[in-house]
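Numbering-wise (numbering that gives the first Met the number 0), the sequence shown opens with residue 0 and increments by one.
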Amino acid sequence: MNKQPKAIPKFANEAQERIFWETHDSTEHLDWTKAQRVTLPNLKPTTKTISLRLPQHLLDSIKAAANSRDVPYQSLIKVWLQEKL
0 MNKQPKAIPK
10 FANEAQERIF
20 WETHDSTEHL
30 DWTKAQRVTL
40 PNLKPTTKTI
50 SLRLPQHLLD
60 SIKAAANSRD
70 VPYQSLIKVW
80 LQEKL
């Protein structure tokens with residue numbers, strides 16, 4: 000059952016396109032069986048700033064460890080957190 004997809008209309012701007020896709024199913028317009036995976040090498044993950052309260056002696060130890068590795072202490076904390084996940 001090969002059903003031809005409907006044509007995607009032309010949009011004057013992104014707002015019109017957004018409204019269209021909010022009210023229409025993409026499976027009527029695209030053949031998802033022919034979709035291919037892509038990699039986006041320049042895409043950076045979204046970051047969020049947090050506040051983390053640490054005892055002073057712990058922060059000093061982290062900074063000393065980061066200094067011995069010649070990396071910023073915040074980067075070292077991120078690496079350690081990622082390793083533990």
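Note that beta-carbon positions come from the ideal geometry of N, C-alpha and C, so glycine has one too.
The structure presented is a predicted model; accordingly, all values stated were derived computationally and were not measured.
ask   = Who are the near neighbours of residue 10 in its chain, counting only those whose CB is closer than 8 Å to its CB and skipping five residues on each side?
value = The residues are 16, 19.
TODO: Note the first and the last residue of the continuous alpha helix (DSSP H) segment covering residue 60.
DONE: It spans 55 to 68 - the alpha helix (DSSP H) in which residue 60 sits, taken as one unbroken run.
*Contact the segment 50 to 62 vs the segment 71 to 80: 3+ CB pairs below 8 Å*: Remark: three or more beta-carbon pairs, one from each stretch, lie closer than 8 Å, so the segment 50 to 62 and the segment 71 to 80 are flagged as touching.
field: Alpha-carbon spacing of residue 31 relative to residue 46, whole angstroms
entry: Going by the C-alpha atoms only, they are around 31 Å apart.
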